[in-house]
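Its first residue numbered 6, the sequence shown is counted upward by one per residue in our numbering. From the three backbone atoms N, C-alpha and C, an ideal C-beta is built for every residue, glycine too. Report on the following structure.
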Amino acid sequence: MKKTLISKPENLTPQTKWLDTQWAWTAEEQIIDHTTKARLCAAALLPFRDQNPDWDGFTASIRWMQAAADRFGVELVVVLNADTGYIFDLDDALYAEVLRRFRADFPAAKFIAGVTARGAQNDTSFLAERYRPLLDLAQQHDNCEVMLMTSRWLSVLEPEPCRDAYYQIAEWLVRPGIVHALEPAFVPWAKPFDPWLLWQLAQHPKFVGGKISTLDEPHFLYWAAMCRDLRLDFAPHSGDDFGIATAIKLGLPLLIGAAVSSAPLICAAKDMWLMDDSPQKTFKTGTGRFDTRVYKVFEAFQSLEDQVFRLDARMSAAAYKHSTAHVLHELGIIASPEAHPACNDLRGTDEAARMTESLRRSRRMAERLGISYQPSSERPKPDVLAIG
Numbered sequence: 006m007k008k009t010l011i012s013k014p015e016n017l018t019p020q021t022k023w024l025d026t027q028w029a030w031t032a033e034e035q036i037i038d039h040t041t042k043a044r045l046c047a048a049a050l051l052p053f054r055d056q057n058p059d060w061d062g063f064t065a066s067i068r069w070m071q072a073a074a075d076r077f078g079v080e081l082v083v084v085l086n087a088d089t090g091y092i093f094d095l096d097d098a099l100y101a102e103v104l105r106r107f108r109a110d111f112p113a114a115k116f117i118a119g120v121t122a123r124g125a126q127n128d129t130s131f132l133a134e135r136y137r138p139l140l141d142l143a144q145q146h147d148n149c150e151v152m153l154m155t156s157r158w159l160s161v162l163e164p165e166p167c168r169d170a171y172y173q174i175a176e177w178l179v180r181p182g183i184v185h186a187l188e189p190a191f192v193p194w195a196k197p198f199d200p201w202l203l204w205q206l207a208q209h210p211k212f213v214g215g216k217i218s219t220l221d222e223p224h225f226l227y228w229a230a231m232c233r234d235l236r237l238d239f240a241p242h243s244g245d246d247f248g249i250a251t252a253i254k255l256g257l258p259l260l261i262g263a264a265v266s267s268a269p270l271i272c273a274a275k276d277m278w279l280m281d282d283s284p285q286k287t288f289k290t291g292t293g294r295f296d297t298r299v300y301k302v303f304e305a306f307q308s309l310e311d312q313v314f315r316l317d318a319r320m321s322a323a324a325y326k327h328s329t330a331h332v333l334h335e336l337g338i339i340a341s342p343e344a345h346p347a348c349n350d351l352r353g354t355d356e357a358a359r360m361t362e363s364l365r366r367s368r369r370m371a372e373r374l375g376i377s378y379q380p381s382s383e384r385p386k387p388d389v390l391a392i393g
């Protein structure tokens, strides 16, 4: 007998699983979008040199990403103090300093601030107040959004208490909020949102979107299908660094650390994917169609990021921060590939050579398409991506 799938939100319950809904069975091909160039939210690296923050490198890496975004007409929103920025290793003073330095160097730029629970190590249950210290620091700045990064005691709550917890945190939001879910592939206690919880959070007026960090399940596709089908005023942001192309093909935002090492190719791909008649397209093909070379660009940046985010013996990709530093150092953007001195998620002594090797395909593809990858490279001619 054919299974009846849930398609209406009023039929969802806190116990409903994704596989019981039609949105879990929606093919990517059904929701492809060749007209929308969504924003790229890049989780900036906080580089270190001699065990201190390398502020020049911090600014240089953002300017490198911004140059690529400007060239291809992509909205770049920098994400500060997320995992790539060592949020779990920063004290409040350094957290605030990152925000202050960014705002001083980029006074008009929008940013997203990652916030999480502070001082919850010895807690035995969820306390919303743990989110206040970083919320208060982030919300001193305007033109920003706040990403409520999940934490252990928040993630383990059952759906209804979890919704209530997010709503409680939202009472303190004076900036737009982005909710955040993790799969257990990242940390054992993580629990992604089931459909009822996502529906409930998407209704809250202070939540403009959510990020799903996914490795093993196509949760981003589930979110995309539900939000599009129900016309929700809530933007799913992909946190899948192992499947970057999906968000580009669906016309949805990316919120990833991979942008820090592949920004030129990702920005190019966002433009190449659009049909010529899209008003957002910067480089027309002259054929009325999209640039099919984008599929090779997808492969090029994904092959690099699969190495940057490779799983270690513990099945963790957390050391991607260290790999990212090696990539930026190889490109001449930052002075040293050091990680935060308190960070335990480190790669081996051969990481410089591994990242040099991993960059070869990306650099080759960038060269063939006239995409500036090295920060010191001469800018290609404006029509370099045009056909004919």
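**Request:** Give the range of the alpha helix (DSSP H) segment to which residue 224 is assigned.
**Result:** Taken as a continuous stretch (DSSP letters only), the alpha helix (DSSP H) holding residue 224 covers 224 to 234.
**Request:** Pick helix, strand or coil for residue 32, following the three-state DSSP scheme.
**Result:** Here DSSP, grouped into helix, strand and coil, assigns residue 32 to coil.
**Request:** Could you pull the start and end residues of the alpha helix (DSSP H) that residue 103 belongs to?
**Result:** Residue 103 -> alpha helix (DSSP H) spans 97 to 110.
**Message:** Please identify the residue among 220, 92, 150 and 20 whose C-alpha is closest to the C-alpha of residue 167.
**Reply:** Here the closest residue by C-alpha is 20.
**Prompt:** Ordered along the chain, which non-local residues of its own chain (more than five positions away) have a Cβ less than 6 Å from that of residue 27?
**Reply:** So the list reads 10 and 12, once near-sequence residues are dropped.
**Message:** So the candidates are 361, 340 and 287; which of them puts its Cα closest to the Cα of residue 312?
**Reply:** That would be 361, whose Cα lies nearest to the Cα of residue 312.
**Request:** Check each candidate in 246, 234, 249 and 188 and name the one with the smallest Cα separation from residue 35.
**Result:** Ranked by Cα distance from residue 35, the first of 246, 234, 249 and 188 is 234.
**Prompt:** Which word fits residue 391, buried or exposed, when buried means at least 16 other C-beta atoms lie within 10 angstroms of its C-beta?
**Reply:** Confidence at residue 391 is low in this model, with a pLDDT of 44, below 50, so its placement is unreliable and the value that follows should be read with caution. Exposed, since its Cβ has fewer than 16 Cβ neighbours within 10 Å.
**Prompt:** If you scan the segment 292 to 325 from start to end, which runs of the alpha helix (DSSP H) of 4 or more residues do you find wholly inside it?
**Reply:** You should have 299 to 313.
**Item:** DSSP state of residue 200 mapped onto helix, strand, coil
**Value:** In the structure shown, residue 200 sits in a helix (DSSP, three-state: H, G or I).
**Message:** If the criterion is Cβ atoms closer than 8 Å, does the pair residue 247 and residue 220 meet it?
**Reply:** A contact, by the Cβ cut-off of 8 Å.
**Asked** According to DSSP, is residue 182 helix, strand or coil?
**Response** Residue 182 falls in the strand class under three-state DSSP.
**Asked** By a C-beta neighbour count over all protein chains shown, 10 Å radius and 16 as the cutoff for buried, is residue 300 buried or exposed?
**Response** Counting the other CB atoms within 10 Å of its CB gives residue 300 a total below 16, which places it among the exposed residues.
**Asked** Where residue 147 and residue 180 are concerned, what is the direct C-alpha to C-alpha distance, given to the nearest angstrom?
**Response** Between residue 147 and residue 180, the C-alpha separation is close to 8 Å.
**Prompt:** To the nearest angstrom, how far is it from the Cα of residue 194 to the Cα of residue 222?
**Reply:** If you take the alpha carbons of residue 194 and residue 222, they lie about 16 Å apart.
**Asked** Is the segment 113 to 131 in contact with the segment 84 to 102, if contact means three or more CB pairs nearer than 8 Å?
**Response** Enough Cβ pairs lie closer than 8 Å, so yes.
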